[in-house]
Amino acid sequence: MSSLAQRIAKTGYNTLISLAVVTALWVVALWALDVTPYIGKNPVDVFNFMFTVEKSSENQSLVFGALGQTMLDASIGFAFGIFFATLIAVLFTLSKGIEQALMPIAMLLRSVPLIAMAPIIILIFGRAEVTVAVMGAIVVLFPALVNIVFGLRSASPAMYDLVNVYGAGKLSALRTVAFPSSLPAFFAALKISVPGAITGALLVEWLATGGGIGYGIVSAVGRAKASEVWAYVVVITLVSIVLYNVVALIEDSVLARFGHVTKK
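Under our numbering, think of the first position of the sequence shown as -18, with each following residue one higher.
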(Lines of atoms letter the chains of each structure in order from A and count residues from 1; the text may use other names and numbers.)
(Lines give C-alpha, C1' and ligand atoms only; values in the text may rest on other atoms or scores of the structure.)
Protein backbone atom coordinates (compact mmCIF):
# COMPACT_ATOMS: atom_id res chain seq x y z
CA MET A 1 0.00 0.00 0.00
CA SER A 2 1.38 3.42 -0.96
CA SER A 3 2.10 6.03 1.69
CA LEU A 4 -0.77 8.20 0.40
CA ALA A 5 -3.19 5.28 0.61
CA GLN A 6 -1.99 4.56 4.14
CA ARG A 7 -2.61 8.18 5.14
CA ILE A 8 -6.09 8.12 3.62
CA ALA A 9 -6.88 4.85 5.40
CA LYS A 10 -5.57 6.26 8.67
CA THR A 11 -7.67 9.41 8.27
CA GLY A 12 -10.76 7.38 7.45
CA TYR A 13 -10.17 5.18 10.49
CA ASN A 14 -9.69 8.20 12.76
CA THR A 15 -12.87 9.77 11.39
CA LEU A 16 -14.90 6.63 12.02
CA ILE A 17 -13.52 6.33 15.55
CA SER A 18 -14.40 9.97 16.25
CA LEU A 19 -17.93 9.47 14.93
CA ALA A 20 -18.38 6.29 16.97
CA VAL A 21 -17.22 8.00 20.17
CA VAL A 22 -19.48 11.02 19.61
CA THR A 23 -22.47 8.76 18.87
CA ALA A 24 -21.82 6.65 21.98
CA LEU A 25 -21.54 9.75 24.18
CA TRP A 26 -24.75 11.09 22.65
CA VAL A 27 -26.74 7.93 23.43
CA VAL A 28 -25.25 7.53 26.92
CA ALA A 29 -25.92 11.19 27.78
CA LEU A 30 -29.58 10.91 26.80
CA TRP A 31 -29.93 7.77 28.91
CA ALA A 32 -27.94 9.01 31.91
CA LEU A 33 -29.75 12.35 32.06
CA ASP A 34 -33.12 10.69 31.44
CA VAL A 35 -34.03 13.24 28.77
CA THR A 36 -37.59 12.98 27.56
CA PRO A 37 -37.89 11.63 23.98
CA TYR A 38 -39.87 14.73 23.06
CA ILE A 39 -36.72 16.82 23.52
CA GLY A 40 -33.80 14.41 23.34
CA LYS A 41 -33.60 12.71 19.96
CA ASN A 42 -31.35 9.69 19.43
CA PRO A 43 -29.44 8.76 16.24
CA VAL A 44 -32.38 6.72 14.91
CA ASP A 45 -34.75 9.66 15.35
CA VAL A 46 -32.42 11.95 13.42
CA PHE A 47 -31.93 9.37 10.67
CA ASN A 48 -35.69 8.99 10.31
CA PHE A 49 -36.16 12.77 10.20
CA MET A 50 -33.62 13.05 7.40
CA PHE A 51 -34.36 9.94 5.33
CA THR A 52 -37.53 7.96 6.13
CA VAL A 53 -40.39 10.22 7.20
CA GLU A 54 -42.91 11.51 4.67
CA LYS A 55 -41.32 14.95 4.42
CA SER A 56 -37.72 13.71 4.47
CA SER A 57 -36.89 15.34 1.13
CA GLU A 58 -38.06 18.70 2.46
CA ASN A 59 -36.09 18.13 5.64
CA GLN A 60 -32.95 17.34 3.64
CA SER A 61 -33.39 20.46 1.54
CA LEU A 62 -33.86 22.55 4.68
CA VAL A 63 -30.89 21.15 6.59
CA PHE A 64 -28.42 20.89 3.70
CA GLY A 65 -29.40 24.32 2.39
CA ALA A 66 -28.61 25.80 5.79
CA LEU A 67 -25.39 23.76 5.90
CA GLY A 68 -24.26 25.26 2.59
CA GLN A 69 -24.73 28.78 3.93
CA THR A 70 -22.89 27.94 7.15
CA MET A 71 -19.99 26.42 5.24
CA LEU A 72 -19.76 29.57 3.12
CA ASP A 73 -19.76 31.76 6.23
CA ALA A 74 -17.22 29.52 7.98
CA SER A 75 -14.97 29.53 4.90
CA ILE A 76 -14.98 33.33 4.81
CA GLY A 77 -14.08 33.60 8.49
CA PHE A 78 -11.47 30.84 8.21
CA ALA A 79 -9.78 32.41 5.18
CA PHE A 80 -9.64 35.92 6.62
CA GLY A 81 -8.58 34.69 10.06
CA ILE A 82 -5.74 32.51 8.77
CA PHE A 83 -4.60 35.17 6.30
CA PHE A 84 -4.33 37.90 8.91
CA ALA A 85 -2.89 35.52 11.52
CA THR A 86 -0.13 34.52 9.09
CA LEU A 87 0.53 38.11 8.01
CA ILE A 88 0.73 39.38 11.59
CA ALA A 89 2.88 36.42 12.65
CA VAL A 90 5.37 37.23 9.88
CA LEU A 91 5.46 40.88 10.98
CA PHE A 92 6.01 39.81 14.60
CA THR A 93 8.89 37.59 13.51
CA LEU A 94 10.52 40.39 11.54
CA SER A 95 10.03 43.14 14.12
CA LYS A 96 9.77 43.04 17.91
CA GLY A 97 8.42 46.60 17.82
CA ILE A 98 5.44 45.58 15.70
CA GLU A 99 4.79 42.66 18.05
CA GLN A 100 4.82 44.92 21.11
CA ALA A 101 2.41 47.30 19.37
CA LEU A 102 -0.08 44.79 17.98
CA MET A 103 -0.09 41.90 20.47
CA PRO A 104 -2.12 43.86 23.08
CA ILE A 105 -4.78 44.48 20.42
CA ALA A 106 -4.89 40.79 19.54
CA MET A 107 -5.17 39.87 23.23
CA LEU A 108 -7.96 42.41 23.66
CA LEU A 109 -9.92 40.88 20.80
CA ARG A 110 -9.44 37.48 22.42
CA SER A 111 -10.42 38.56 25.91
CA VAL A 112 -13.65 40.38 25.00
CA PRO A 113 -16.53 37.94 24.34
CA LEU A 114 -17.56 38.05 20.70
CA ILE A 115 -21.21 38.28 21.70
CA ALA A 116 -20.38 41.57 23.45
CA MET A 117 -18.64 42.99 20.36
CA ALA A 118 -21.28 41.74 17.94
CA PRO A 119 -23.70 44.70 18.26
CA ILE A 120 -20.92 47.19 17.52
CA ILE A 121 -19.64 45.16 14.57
CA ILE A 122 -23.18 44.88 13.19
CA LEU A 123 -23.75 48.63 13.58
CA ILE A 124 -20.52 49.39 11.71
CA PHE A 125 -20.68 46.82 8.92
CA GLY A 126 -24.37 45.92 8.77
CA ARG A 127 -25.62 42.36 8.35
CA ALA A 128 -23.72 41.57 5.17
CA GLU A 129 -20.79 39.24 4.41
CA VAL A 130 -18.35 41.83 5.76
CA THR A 131 -19.70 41.17 9.24
CA VAL A 132 -19.30 37.42 8.65
CA ALA A 133 -15.67 37.98 7.68
CA VAL A 134 -14.90 40.25 10.62
CA MET A 135 -16.54 38.12 13.31
CA GLY A 136 -15.24 34.87 11.86
CA ALA A 137 -11.72 36.26 11.61
CA ILE A 138 -11.83 37.40 15.24
CA VAL A 139 -12.68 33.87 16.39
CA VAL A 140 -9.90 32.31 14.31
CA LEU A 141 -7.21 34.99 14.66
CA PHE A 142 -5.68 34.67 18.12
CA PRO A 143 -5.29 30.87 18.44
CA ALA A 144 -3.89 30.70 14.91
CA LEU A 145 -1.58 33.66 15.54
CA VAL A 146 -0.06 32.12 18.67
CA ASN A 147 0.61 28.81 16.91
CA ILE A 148 2.08 30.37 13.78
CA VAL A 149 4.35 32.74 15.72
CA PHE A 150 5.61 29.79 17.76
CA GLY A 151 6.27 27.85 14.56
CA LEU A 152 8.13 30.67 12.85
CA ARG A 153 10.43 30.94 15.88
CA SER A 154 10.96 27.20 16.29
CA ALA A 155 13.98 26.87 13.99
CA SER A 156 17.32 26.35 15.72
CA PRO A 157 19.78 29.27 15.88
CA ALA A 158 22.32 27.10 14.06
CA MET A 159 20.12 27.09 10.96
CA TYR A 160 19.96 30.88 10.99
CA ASP A 161 23.72 31.07 11.49
CA LEU A 162 24.18 28.89 8.43
CA VAL A 163 22.07 31.06 6.13
CA ASN A 164 23.67 34.21 7.56
CA VAL A 165 27.08 32.88 6.56
CA TYR A 166 25.84 32.95 2.96
CA GLY A 167 24.66 36.54 3.33
CA ALA A 168 20.93 35.90 3.62
CA GLY A 169 18.78 38.76 4.87
CA LYS A 170 15.75 38.57 7.16
CA LEU A 171 13.28 37.85 4.38
CA SER A 172 15.49 35.17 2.86
CA ALA A 173 16.00 33.52 6.25
CA LEU A 174 12.26 33.66 6.82
CA ARG A 175 11.60 31.92 3.51
CA THR A 176 14.31 29.26 3.71
CA VAL A 177 14.39 28.54 7.47
CA ALA A 178 11.37 29.86 9.35
CA PHE A 179 8.61 28.87 6.93
CA PRO A 180 9.64 25.20 6.53
CA SER A 181 10.21 24.87 10.28
CA SER A 182 6.81 26.39 11.04
CA LEU A 183 4.77 23.87 9.03
CA PRO A 184 3.79 21.62 11.99
CA ALA A 185 2.63 24.64 13.99
CA PHE A 186 0.88 26.10 10.93
CA PHE A 187 -1.15 22.94 10.43
CA ALA A 188 -1.92 22.86 14.15
CA ALA A 189 -3.33 26.35 13.67
CA LEU A 190 -5.41 25.15 10.72
CA LYS A 191 -6.84 22.23 12.70
CA ILE A 192 -7.74 24.48 15.61
CA SER A 193 -9.29 27.02 13.26
CA VAL A 194 -11.63 24.60 11.46
CA PRO A 195 -14.03 24.09 14.40
CA GLY A 196 -13.36 27.67 15.49
CA ALA A 197 -14.48 29.05 12.13
CA ILE A 198 -17.61 26.90 12.20
CA THR A 199 -18.42 28.09 15.72
CA GLY A 200 -17.90 31.68 14.61
CA ALA A 201 -20.17 31.15 11.61
CA LEU A 202 -22.94 29.72 13.80
CA LEU A 203 -22.63 32.67 16.15
CA VAL A 204 -22.70 35.30 13.42
CA GLU A 205 -25.69 33.62 11.79
CA TRP A 206 -27.55 33.68 15.08
CA LEU A 207 -26.66 37.28 15.91
CA ALA A 208 -26.41 38.98 12.54
CA THR A 209 -27.28 37.36 9.24
CA GLY A 210 -30.42 35.36 10.01
CA GLY A 211 -29.42 32.42 7.84
CA GLY A 212 -27.59 29.11 7.93
CA ILE A 213 -27.57 26.52 10.69
CA GLY A 214 -26.92 29.09 13.42
CA TYR A 215 -30.23 30.81 12.73
CA GLY A 216 -31.94 27.53 11.85
CA ILE A 217 -31.27 26.09 15.31
CA VAL A 218 -32.67 29.16 17.06
CA SER A 219 -35.70 29.19 14.79
CA ALA A 220 -36.36 25.47 15.29
CA VAL A 221 -36.06 25.83 19.07
CA GLY A 222 -38.63 28.62 18.99
CA ARG A 223 -41.01 26.40 17.00
CA ALA A 224 -40.40 23.39 19.30
CA LYS A 225 -39.03 21.34 16.38
CA ALA A 226 -36.69 19.09 18.37
CA SER A 227 -35.91 16.70 15.51
CA GLU A 228 -34.91 19.62 13.30
CA VAL A 229 -32.65 21.03 16.03
CA TRP A 230 -30.91 17.69 16.48
CA ALA A 231 -30.54 17.24 12.73
CA TYR A 232 -28.78 20.61 12.46
CA VAL A 233 -26.48 19.76 15.36
CA VAL A 234 -25.65 16.30 14.03
CA VAL A 235 -24.92 17.49 10.49
CA ILE A 236 -22.66 20.36 11.55
CA THR A 237 -20.84 18.08 14.01
CA LEU A 238 -20.24 15.46 11.32
CA VAL A 239 -18.92 18.08 8.92
CA SER A 240 -16.62 19.54 11.57
CA ILE A 241 -15.14 16.13 12.39
CA VAL A 242 -14.65 15.26 8.71
CA LEU A 243 -13.03 18.61 7.86
CA TYR A 244 -10.68 18.35 10.84
CA ASN A 245 -9.51 14.93 9.67
CA VAL A 246 -9.16 16.13 6.07
CA VAL A 247 -6.81 18.87 7.28
CA ALA A 248 -4.92 16.21 9.26
CA LEU A 249 -4.57 14.15 6.07
CA ILE A 250 -3.20 17.14 4.17
CA GLU A 251 -0.88 17.84 7.10
CA ASP A 252 0.60 14.33 7.01
CA SER A 253 1.20 14.56 3.26
CA VAL A 254 2.81 18.00 3.35
CA LEU A 255 4.98 17.32 6.40
CA ALA A 256 6.20 14.05 4.91
CA ARG A 257 7.14 15.88 1.71
CA PHE A 258 9.16 18.45 3.66
CA GLY A 259 10.90 15.81 5.77
CA HIS A 260 9.08 16.37 9.04
CA VAL A 261 8.53 13.32 11.21
CA THR A 262 4.83 12.55 11.56
CA LYS A 263 3.16 10.38 14.18
CA LYS A 264 2.15 6.94 12.98
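Glycine residues also receive a C-beta, built at the ideal position from the N, C-alpha and C atoms.
Exercise. Quick one: any contact between the region 181 to 200 and the region 44 to 62, if contact means 3 or more CB pairs under 8 angstroms?
Worked result: yes
For this session: Could you pull out every residue in the same chain whose Cβ sits closer than 6 angstroms to the Cβ of Glu209, ignoring the five residues on either side in sequence?
Result: Ala201
Exercise. Should Tyr225 go down as buried or exposed, given a rule of 16 or more other Cβ atoms within 10 Å for buried?
Worked result: buried
Problem set entry | Residues near Asn128 by beta carbon distance below 6 angstroms, same chain, minus five either side | Ala166, Ala169, Ala170
Problem set entry | Enclosing alpha helix (DSSP H) for Thr(-16) [first to last residue] | One point to set straight first is that residue -16 is Ser, not Thr, in the sequence displayed. It spans -16 to 13 - the alpha helix (DSSP H) in which Ser(-16) sits, taken as one unbroken run.
Exercise. How about Ser174 and Pro124: are their beta carbons less than 8 angstroms apart?
Worked result: yes
For this session: Mind checking which residues open and close the alpha helix (DSSP H) that includes Ser234?
Result: 207 to 238
For this session: Return the chain-ordered list of same chain residues with a C-beta closer than 6 angstroms to the C-beta of Val113, the five sequence neighbours on each side being excluded.
Result: Asp54, Ile57, Val185
For this session: For Thr33, count neighbouring C-beta atoms within 10 Å of its own C-beta (all shown protein chains included) and say buried if the count is 16 or more, exposed if not.
Result: exposed
Exercise. If you check the beta carbons only, do Thr(-4) and Ile222 fall under 8 angstroms apart?
Worked result: yes
For this session: Specify whether the region 21 to 40 and the region 77 to 94 touch according to this definition: at least 3 beta carbon pairs, one from each stretch, less than 8 angstroms apart.
Result: no
Exercise. Exposed or buried, Ile(-2), counting other C-beta atoms within 10 Å across all chains shown (16 or more means buried)?
Worked result: exposed
Exercise. Taking the runs of the alpha helix (DSSP H) that are 4 residues or longer, which of them lie wholly in the region 33 to 93?
Worked result: 37 to 75, 77 to 92
Problem set entry | Nearest neighbour of Ile103, chosen from Trp7, Ile198, Leu152, Gly191 [CA to CA] | Gly191
Exercise. Would the beta-carbon of Val121 fall within 8 angstroms of that of Phe59?
Worked result: yes
For this session: Quick one: give me the first and last residue of the alpha helix (DSSP H) that Glu110 is part of.
Result: 110 to 133
Exercise. Cβ of Ala47 versus every heavy atom of the ligand GTP: is any distance shorter than 7 angstroms?
Worked result: For the ligand GTP, the structure offers nothing, since it holds no ligand at all.
For this session: Tell me whether Ala136 sits in a helix, a strand or coil according to DSSP, three-state version.
Result: coil
Exercise. What are the start and end residues of the alpha helix (DSSP H) that includes Gly258?
Worked result: Past the edges of the chain, shown from -18 to 245, lies residue 258, and the structure says nothing about it.
Problem set entry | Nearest-angstrom Cα separation, counted from Thr(-8) out to Val227 | 7 angstroms
Exercise. So Pro100 is in the alpha helix (DSSP H); what residue range does that whole segment cover?
Worked result: 95 to 106
Exercise. When we look at the beta-carbon of Val215 and count the other beta-carbons within 10 Å, is it buried (16 or more) or exposed?
Worked result: buried
For this session: Determine the contact status of Leu126 and Ala82, defining contact as a CB-CB distance below 8 angstroms.
Result: no
For this session: Would you mind giving the Cβ-Cβ distance between Gly62 and Gly107, rounded to the nearest angstrom? I have them listed as a contact below 8 angstroms.
Result: So it is not a contact: roughly 20 angstroms between Cβ atoms.
Exercise. For Leu164 versus Val235, is the C-beta distance shorter than 8 angstroms?
Worked result: yes
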